[in-house]
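In this note's numbering, the protein residues as written are 525 to 775. To keep things clear, I will list the structure first and then write my remarks on it.
Here it is as C-alpha cells:
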C-alpha cells in the first residue's frame, strides 16, 4: 500500500477516534452520575451539528465561534429535559427502584421526537459547510499530513476531556457531582441538592455535544438521520473505555 495513503488513513483513524471519545465523554458523565443511559445522546449531537450549520447559513458565523451559542443552547435543552421529564421519574420511583429504568425509555422517546422534528422542519437532505482552509493540511515530513479542521477537532477533544476532568476534580460543583455519583443519599445528607446536580450533569453532558458539533460541521455532513449512528458508536466507546471513565473514553 502507498505509504501516503496508509499515513492518511492512520491519522484519520486517530482523529475520528478522538472525536468519538469526546462524544462519549458526555454520555459517560451522565451515566456515571445518574446511572441512566441517555438514548437521545446521538440526537442531541445532531442538534449540536445543526446549530452551527444554520448560524453559518443565516448569519455567516464561523462554526468555531458558534460554540458560544451551541454549548449554552444544548446545556439549556439538556437541563430542561432532565428537570421536566426525567426528574419526576426519580421522585416517583426512588422508593421502589433505586435507578429508574423507565428513564431509559423516556430518553429514547426524546431522541425520536428530536429526530422527527428536525426531519419535519429541515427534510432528509445532508447539509454541510465549507471553510476556506477545510481542504488544507499540515505536512509532517513527506508522507504524514493532518487536515487542519480534523486536527483542530482532535486537539479540542483532548482539551474537552482534560478540562472536564479538572472541573470535576477541583471545582466545588465538580466535587458535588462526584459526591452525588458515589452516593446520592449521603450527598443529600451533606446538603447537596441532588436533583439540581442531576439537572446540571445532564445539561453539561449535552453542552459537550454542542461543542463537538461545532468542531465536526466543517468536515461532516448533518441530517436528521445521523443521531442513531453516533448514539450507537458512543455507547460502544463508553463500554470499551469503561462505563463512567472519562479518560477511558478518549483512550
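Just so you know, even glycine gets a beta-carbon here, dropped at the ideal spot from N, CA and C.
In the DSSP assignment, residue 651 forms a beta bridge with 746.
Here the stretch 701-712 lies against the stretch 546-562, with 3 or more beta-carbon pairs under 8 angstroms apart. Within the model, the alpha-carbon separation for residue 705 versus residue 656 is close to 44 angstroms. For residue 722, the enclosing alpha helix (DSSP H) stretches over residues 718-740.
Straight-line measurement puts the Cα of residue 591 at about 16 angstroms from the Cα of residue 685.
The straight-line gap separating the alpha-carbon atoms of residue 752 and residue 638 is approximately 11 angstroms.
Put simply, of 548, 536 and 614 the residue whose alpha carbon is nearest the alpha carbon of residue 759 is 548. Rounded to the nearest whole angstrom, the C-alpha separation of residue 601 and residue 740 is 20 angstroms. Annotation for residue 596: the continuous alpha helix (DSSP H) segment containing it runs 591-605. Taking the Cα positions, residue 726 is about 21 angstroms away from residue 750.
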